[in-house]
Amino acid sequence: MVASVLDGRACAASVEKALIPRIEKCASQGVVPHLAVVIVGDDPASHVYVNAKIRTCKRLGIKSSYVALPETTSEAELIDVIHQYNVDNSVHGILIQSPLPSHMNEEYLTDLIDPHKDVDGFHPINLGRLVQSRKDCLIPCTPNGVMRLLEWSGIETAGKTALVIGRSRNVGMPQAILLAARGADTTVTIAHSKTADMAEQCRSADILVAAVGRPNMVKRDWIKPGAVIIDIGINRVDDDADSRGYVLVGDVEQSAEQVASWITPVPGGVGPMTVAMLMENTVQAAENIIQR
Ligand code: NAP
Numbered sequence: 344m345v346a347s348v349l350d351g352r353a354c355a356a357s358v359e360k361a362l363i364p365r366i367e368k369c370a371s372q373g374v375v376p377h378l379a380v381v382i383v384g385d386d387p388a389s390h391v392y393v394n395a396k397i398r399t400c401k402r403l404g405i406k407s408s409y410v411a412l413p414e415t416t417s418e419a420e421l422i423d424v425i426h427q428y429n430v431d432n433s434v435h436g437i438l439i440q441s442p443l444p445s446h447m448n449e450e451y452l453t454d455l456i457d458p459h460k461d462v463d464g465f466h467p468i469n470l471g472r473l474v475q476s477r478k479d480c481l482i483p484c485t486p487n488g489v490m491r492l493l494e495w496s497g498i499e500t501a502g503k504t505a506l507v508i509g510r511s512r513n514v515g516m517p518q519a520i521l522l523a524a525r526g527a528d529t530t531v532t533i534a535h536s537k538t539a540d541m542a543e544q545c546r547s548a549d550i551l552v553a554a555v556g557r558p559n560m561v562k563r564d565w566i567k568p569g570a571v572i573i574d575i576g577i578n579r580v581d582d583d584a585d586s587r588g589y590v591l592v593g594d595v596e597q598s599a600e601q602v603a604s605w606i607t608p609v610p611g612g613v614g615p616m617t618v619a620m621l622m623e624n625t626v627q628a629a630e631n632i633i634q635r
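And the structure:
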């Protein structure tokens, strides 16, 4: 068996298409959805991600603002920028690109974003509402994108077992909550760096979500035959044969496709979904302003 591809690019295109009439409706009511992106430092991967987000905004007619601050920026300077965007009524979404430099407390700083503009969905108010299964929250983009991709592909989740490897506040933990929520109805196990029997845990999962950041950590022979594999990991691995000097690989060995029923490619799987859900959250935040 060779797994079918969970095509994140095609699904993201369908999400974007559905946003266009919503963006036009906002504009007809005098509101152009507006995303403000802040990046601090020179991390090359972060700049690639930010550029992709801004390009997508342009394509959809979402206004974007972009502030690039040097690595040496102080927390106080960044707080000033956050505050300015918080009080600017023309801005509907604020995104601070992760990771921030090591001298900054990322959690503390992102908590300062107005929860109504928290399009990453990381604010305790949004995450708290997600845990309560409330609809009035902005949901973290990557796990929400995974749920949308499963739904779009017609993959049944109810009654299935899922293993989420990773328990970060932005990816693993909200992913587990979304999979276990009413409607998705999956029975979820969360694994992490202290999990003792990772191979066995993987072998019992109908749906395996890897969000670790370790290239090829999940081995082909850990996969339950017919499992659905969602590979969230994006890892740069040196490769002299590539013109960039590196290639991107996931957390799951490529050969797992020989055992699984469905698998997300890296790149082209979860990554485009993350950007599409960011656009959706920005439009949602603008619509919320109109309705308030
Ligand atoms: P993170 O905050 O570093 O969390 C990584 C998680 O993996 C932690 O919970 C950690 O466990 C766990 N872990 C580390 N080593 C492990 C091991 N040997 N066995 C099992 N679990 C282990 O990372 P993140 O922000 O969640 O991101 C995870 C990956 O997803 C990264 O590669 C990132 O680039 C990628 N990502 C992709 C997208 C996308 O759009 N495709 C979006 C966001 C992130 P402990 O809690 O025990 O330390």
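Per our numbering, the very first residue in the sequence shown carries number 344; after that it's consecutive. Ideal Cβ positions, reconstructed from N, Cα and C, are used throughout, including at glycine.
In chain order, S408, Y428, V434, I437 place their CB closer than 6 Å to the CB of A379, counting only its own chain and leaving out the 5 sequence neighbours on each side.
Unbroken beta strand (DSSP E) stretches of 3 residues or longer found wholly inside the region 425-492: 436-439, given in chain order.
The beta-bridge partner set that DSSP reports for I550 consists of A505, V571. Counting C-beta atoms within 10 angstroms of its own C-beta, E600 has 16 or more neighbours from the protein chains shown and is therefore classed as buried. Collapsing the DSSP output to three states places N624 in a helix.
For L362, DSSP assigns no beta-bridge partner whatsoever. Assignment of R352 by DSSP, reduced to helix, strand and coil, places it in the helix class. Taking 8 Å as the upper bound for CB-CB distance, I606 and I550 are not in contact here, some 11 Å apart.
In the structure shown, H535 falls within a coil segment according to DSSP collapsed to helix, strand and coil. Residue environment: Y392 is assigned as buried (16 or more neighbouring CB atoms within 10 Å of its CB, all protein chains considered). Relative to I405, the option among G497, P364, G576, A346 whose CA is nearest is P364.
Secondary structure of D581 (DSSP, three-state): strand.
Around the C-beta of K460, 16 or more other C-beta atoms lie within 10 Å, and the residue is accordingly described as buried.
Taking a cut-off of 8 Å for Cβ pairs, the region 611-630 and the region 361-377 touch, as three or more such pairs fall below it. By the C-beta density criterion, A361 is exposed, having fewer than 16 other C-beta atoms within 10 angstroms. In chain order, G515, A554, V555 place their CB closer than 6 Å to the CB of G509, counting only its own chain and leaving out the 5 sequence neighbours on each side. Here the alpha carbon of I533 sits roughly 22 Å from the alpha carbon of L481. Taking non-hydrogen atoms of the ligand NAP into account, the C-beta of M560 is found less than 7 Å away from one of them.
A straight-line Cα-Cα distance of about 35 Å links M622 and D583. Short of 7 Å from the beta carbon of Q518, and not among the five residues preceding or following it, lie these beta carbons of its own chain, in chain order: P486, V489, V507, V552, A554.
For H535, same chain residues with a beta-carbon under 6 Å away, outside a window of 5 residues either side, are R510 in chain order. Within 10 angstroms of the beta-carbon of G569 lie fewer than 16 other beta-carbons, which makes it exposed. When distances are taken from the beta-carbon of T538 to the heavy atoms of the ligand NAP, the shortest one is below 7 Å. These are the residues, in chain order, with a beta carbon less than 5 Å from any non-hydrogen atom of the ligand NAP: T485, G509, R510, S511, V514, H535, S536, A554, V555, G556, I575, G576, I577, V613, G614, T617. The C-alpha of G384 is placed about 8 Å away from the C-alpha of T415. When the beta-carbon positions are compared, A505 and L493 stay at least 8 Å from each other.
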